[in-house]
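Residue numbers (our numbering): 52 to 190.
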């Protein structure tokens with residue numbers, strides 16, 4: 052929708068999509084806002100939703116599979132140390148996170164990891180500088 056009269060349809064729809072800046076009532080009623088005036092972006096939105104759904108199911112099946120294998124391994128005494136099960140489980144969690152991160156734009160999971168660590172490093176430097184400046188001013 053792009054006009055005031057579309058608000059009811061946007062609210063009633065399974066997924067309401069507002070295109071452009073639109074009226075405020077449309078923006079509030081819509082589930083998704085596509086900035087600009089190009090409705091062809093809806094196809095990209097649908098493609099991303101389908102990819103997200105496939106990724107969700109793949110991650111869910113993988114997680115359940117790893118859990119079943121770990122439970123079966125414990126029942127059959129394939130390993131005695133708790134750390135083995137914890138390590139396998141945590142590695143599977145990282146795999147699930149990286150698989151989901153593939154959806155994070157054109158850079159995929161690698162861009163997400165780089166951005167995350169870059170943000171952590173930048174925030175740490177900023178916090179450390181603030182801490183040291185306050186420590187110096189109190190001395």
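Backbone N, C-alpha and C fix where the C-beta goes; we use that ideal spot for every residue, glycine too.
Quiz prompt | One or two residues paired with residue 69 in a DSSP bridge | solution = Paired residues: 84.
Quiz item: Can you check whether the CB of residue 140 is closer than 8 Å to the CB of residue 119?
Solution: Taking 8 Å as the Cβ cut-off, residue 119 and residue 140 do not qualify as a contacting pair.
Practice problem: Evaluate the contact criterion for the region 121–134 versus the region 96–107: three or more CB pairs, one atom per stretch, below 8 Å. | Solution: Put simply, the region 121–134 does not touch the region 96–107. Fewer than three CB pairs are less than 8 Å apart.
Quiz item: Looking at C-alpha atoms only, which residue of 97, 105 and 70 is the closest neighbour of residue 90?
Solution: Of 97, 105 and 70, the residue nearest in Cα terms is 70.
Quiz item: Exposed or buried, which one is residue 81 when buried takes at least 16 other CB atoms within 10 Å?
Solution: Residue 81 is buried by the Cβ-count criterion.
Quiz item: Among the residues of its own chain, which have a CB less than 8 Å from the CB of residue 85, if the five just before and after it don't count?
Solution: For residue 85, where only same-chain residues beyond five positions count, the Cβ hits under 8 Å are 68, 69, 70, 71, 92, 93 and 96.
Quiz item: Using CA coordinates, which residue listed in 87, 136 and 110 is at the minimum distance from residue 122?
Solution: Residue 136 is the option with its Cα nearest to residue 122.
Quiz item: Excluding the five sequence neighbours on either side, which residues of its own chain have a C-beta within less than 8 Å of the C-beta of residue 83, listed in chain order?
Solution: Excluding five sequence positions before and after residue 83, the CB atoms of its chain that fall closer than 8 Å to its own CB belong to 66, 67, 68, 69 and 96, given in chain order.
Quiz item: Using CA coordinates, which residue listed in 144, 158 and 151 is at the minimum distance from residue 106?
Solution: Among 144, 158 and 151, the Cα nearest to that of residue 106 belongs to 151.
Quiz prompt | Coil, strand or helix - residue 176 by DSSP | solution = Three-state result, residue 176: helix.
Quiz item: If you drop the 5 nearest sequence neighbours on each side, which residues of the same chain put their C-beta closer than 7 Å to that of residue 179?
Solution: If the five residues before and after residue 179 are omitted, its C-beta is found closer than 7 Å to no C-beta atom of its own chain.
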